[in-house]
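Numbering (the working numbering), first residue to last: 1 to 465.
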């Protein structure tokens with residue numbers, strides 16, 4: 001609030017001096033300070049104005065504050081100030097000076113996580129089994145060369161063995177970038193079928209590997225402006241499952257009793273993103289359209305076309321309230337059966353329905369609407385003392401009280417009898433409490449009720465960097 005007040009006062013005083021002048025200003029110079037690691041181009045790509053741009057005076061304060069928040073939400077900086085300097089009312093020109101304090105970019109960490117979808121599934125269905133834990137080491141660098149380029153490496157053991165490496169370079173030239181990924185994983189226990197909307201697992205007596213997966217991809221990206229992204233990706237997938245799975249447990253695991261599945265995927269994604277703080281958006285909106293083509297029409301074993309569209313909106317009002325809504329629609333254009341491995345709809349990744357945390361809902365098509373009303377009950381910036389590394393000393397903490405109301409419909413044309421939550425309208429609701437740290441770590445507590453009249457207390461969390 002203090003920062004906003006300073007900018008408004010500055011603009012107000014200048015307007016009183018230059019009230020006879022025009023009601024706009026031209027950016028004559030743009031300077032950056034404090035970016036020891038980050039290249040200037042990476043910062044300039046994140047803001048929506050440049051040298052020689054004309055901004056109306058009535059909008060100037062909001063433009064500066066908006067760009068401060070946009071730079072902070074990148075995760076690269078712990079503090080950002082966008083200041084005005086050398087305002088010349090005679091020629092309607094002003095300099096913009098951006099001051100940043102760089103955050104922590106290198107995150108080596110120990111992997112110790114649940115293999116199951118959430119804490120409640122692990123506790124209720126598997127009795128806190130330590131055999132369902134993943135452990136290992138990983139490294140993430142979110143600003144590898146100073147161009148907001150991300151490097152990730154992971155070495156994981158436990159329930160799912162995994163070796164993964166990825167690199168993303170978003171600012172190669174003229175808004176073009178690229179990314180690549182290599183992934184290898186293996187499992188000694190796998191979900192081979194969904195029954196009554198719960199995955200059924202199998203593990204061989206000799207504890208041999210039942211599933212191996214290899215995936216490699218290369219993508220080209222185009223960023224048209226601060227908000228618009230295009231991505232074209234080519235992916236190769238190879239999977240091999242133990243012959244006992246298709247012969248005895250599920251012949252459609254890889255379709256038609258096959259124990260091997262391999263294909264190339266061509267993918268295109270369009271994103272228009274005006275969200276602030278992606279992990280827990282406080283305002284803004286997002287459009288995303290994704291198109292996937294598997295098999296290119298030449299593979300008889302697997303040939304599928306999938307399209308999805310997503311819209312989310314976050315409205316901040318009365319200072320502390322946030323209303324959030326998200327609508328996602330996904331469908332397969334080809335109506336043939338697809339491998340069990342790719343029938344996941346709700347209960348996986350970010351597509352979740354309040355009140356159904358203990359279930360999965362498989363299908364080829366779905367529509368999902370998430371709604372929540374949030375109230376900020378605590379917000380404070382803490383500063384650790386000298387014993388903490390300098391770039392980690394600013395510690396932003398927020399607590400939100402939340403109420404959810406979700407609804408969905410999943411279409412499952414091939415496995416109707418044994419999964420009653422498919423092919424029916426679903427809804428769920430309930431209150432929750434969210435703790436957010438550093439704008440990229442979250443801990444959630446929910447009490448949810450579903451259509452079946454079931455209720456429960458659920459714990460969740462995550463991070464983003």
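Quick reminder that beta carbons are idealized off the backbone N, C-alpha and C, glycines included.
Source: prediction; values computed, not measured.
(Q) If you follow the beta strand (DSSP E) that residue 170 is in, where does it begin and where does it stop? (A) In the DSSP annotation of this structure, the continuous segment of the beta strand (DSSP E) that includes residue 170 starts and ends at 160 to 173.
Q.
On the CB-based measure, 16 or more other CB atoms within 10 Å of its CB, does residue 204 come out buried or exposed?
A. Counting every other CB atom within 10 Å of its CB across the protein chains shown gives residue 204 a total below 16, marking it as exposed.
Q.
Only counting the same chain, and skipping five residues up and downstream in sequence, which positions put a Cβ closer than 6 Å to that of residue 436?
A. 280, 398, 442, listed in sequence order.
Q: Give the C-beta separation of residue 448 and residue 355 to the nearest angstrom, bearing in mind that I take them to be a contact with Cβ-Cβ under 8 Å.
A: For a cut-off of 8 Å, the C-beta gap from residue 448 to residue 355 is around 4 Å, short enough to register as a contact.
Q: Determine the DSSP secondary structure at residue 111, reduced to helix, strand or coil.
A: Residue 111 sits in a strand when the DSSP states are folded into three classes.
Q.
Please tell me whether residue 192 and residue 214 are closer than 8 Å, where the distance is taken between their beta carbons.
A. With a cutoff of 8 Å on beta-carbon distance, residue 192 and residue 214 are scored as not near each other.
Q) Helix, strand or coil for residue 76 per DSSP? A) The answer is coil: DSSP assigns residue 76 none of H, G, I, E or B.
Q: For the beta strand (DSSP E) containing residue 310, list its first residue and its last residue.
A: Going by DSSP, residue 310 is part of the beta strand (DSSP E) stretching over 304 to 317.
Q: Identify whether residue 252 lies in helix, strand or coil by the three-state DSSP scheme.
A: Coil.
Q: Using DSSP bridges, identify the partner residues of residue 285.
A: 313, per the DSSP bridge assignment.
**Q.** Sequence-distant residues of its chain with Cβ nearer than 6 Å to residue 305 (five each side left out)
**A.** Hits under 6 Å: 293, 333, 334.
(Q) On the DSSP letters alone, give me the boundaries of the alpha helix (DSSP H) that residue 44 sits inside. (A) Where residue 44 is concerned, the enclosing alpha helix (DSSP H) starts and stops at 40 to 44.
Q: Please check the pair residue 179 and residue 168, which I expect to be a contact at CB under 8 Å, by giving their CB distance rounded to whole angstroms.
A: Taking a contact as a CB-CB distance under 8 Å, the pair residue 179 and residue 168 counts as one, their CB atoms being some 4 Å apart.
Q) Can you tell me whether residue 455 is buried or exposed, with buried defined as 16 or more other CB within 10 angstroms of its CB? A) By the neighbour-count rule (16 or more Cβ atoms within 10 Å), residue 455 is not buried but exposed.
Q: Kindly list the residues whose CB is nearer than 8 Å to the CB of residue 125, restricted to its own chain and excluding five residues on each side of it in sequence; keep chain order.
A: Around residue 125: 116, 198, 358.
Q) So residue 34 and residue 102 are in contact, right, with Cβ under 8 Å, and what is the actual spacing, rounded? A) About 7 Å; that satisfies the 8 Å criterion.
Q: Report the partner residues of residue 377 according to the DSSP bridge assignment.
A: Answer is none; residue 377 lacks a bridge partner.
Q: List the endpoints of the continuous beta strand (DSSP E) containing residue 466.
A: Outside the displayed range of the chain (1 to 465) lies residue 466, so it cannot be described from this structure.
**Q.** Three-way DSSP call (helix, strand, coil) for residue 204 in this model
**A.** Correct three-state label for residue 204: coil.
Q. Can we say the region 50 to 61 touches the region 71 to 79, given the rule of at least three CB pairs closer than 8 Å?
A. Between the region 50 to 61 and the region 71 to 79, the count of C-beta pairs closer than 8 Å stays below three; the two stretches do not touch.
(Q) Taking a contact to mean a Cβ-Cβ separation below 8 Å, would you say residue 96 touches residue 84 in this structure? (A) A Cβ-Cβ contact shorter than 8 Å links residue 96 with residue 84.
Q: With DSSP collapsed to three states, give me the class of residue 126.
A: Correct three-state label for residue 126: helix.
Q.
Can you find the residues in the same chain that come closer than 6 Å, C-beta to C-beta, to residue 224, ignoring five residues on each side of it along the sequence?
A. None.
Q. Mind checking residue 1: buried by the 16 CB within 10 Å criterion, or exposed?
A. Here the model assigns residue 1 a pLDDT of 48, short of 50, so the residue's position is not dependable, and the following value carries that caveat. With fewer than 16 other Cβ atoms within 10 Å, it is exposed.
Q: Identify, in the order they occur along the chain, each residue of the same chain with its Cβ nearer than 6 Å to the Cβ of residue 158, setting aside the five sequence neighbours on each side.
A: Cβ within range, chain order: 133, 134, 135.
**Q.** Range covered by the beta strand (DSSP E) that runs through residue 187
**A.** It spans 176 to 187 - the beta strand (DSSP E) in which residue 187 sits, taken as one unbroken run.
Q | Straight-line Cα distance separating residue 409 from residue 450 | A | In a straight line, the C-alpha of residue 450 is about 14 Å away from that of residue 409.
**Q.** Inter-residue spacing [alpha-carbon to alpha-carbon] between residue 368 and residue 289
**A.** Going by C-alpha positions, residue 368 is about 15 Å away from residue 289.
**Q.** Neighbourhood of residue 376 by C-beta distance below 6 Å, restricted to the same chain and skipping five residues each side
**A.** For residue 376, where only same-chain residues beyond five positions count, the Cβ hits under 6 Å are 320, 400.
Q.
By the three-class DSSP mapping on this structure, what secondary structure does residue 193 have?
A. The answer is strand: DSSP assigns residue 193 an E or B state.
Q | Whole-Å CB distance - residue 418 paired with residue 195, under 8 Å assumed | A | That pair is a contact at about 5 Å.
Q) Going by Cα to Cα distance, which pick from 301, 457, 285 is closest to residue 314? A) For the residues 301, 457, 285, the minimum Cα distance to residue 314 belongs to 285.
**Q.** Length of the line joining the Cα atoms of residue 452 and residue 262
**A.** Taking the straight line joining both Cα atoms gives about 39 Å.
Q: Counting only the same chain and skipping the five closest in sequence on each side, list residues whose C-beta sits under 6 Å from that of residue 267.
A: Correct list, in chain order: 233, 292.
(Q) Is the beta carbon of residue 211 closer than 8 Å to that of residue 184? (A) It is not a contact, given that the beta carbons lie outside the stated cut-off.
Q. Would residue 138 pass as a contact of residue 111 if the rule is Cβ separation under 8 Å?
A. Cβ atoms of residue 138 and residue 111: closer than 8 Å.
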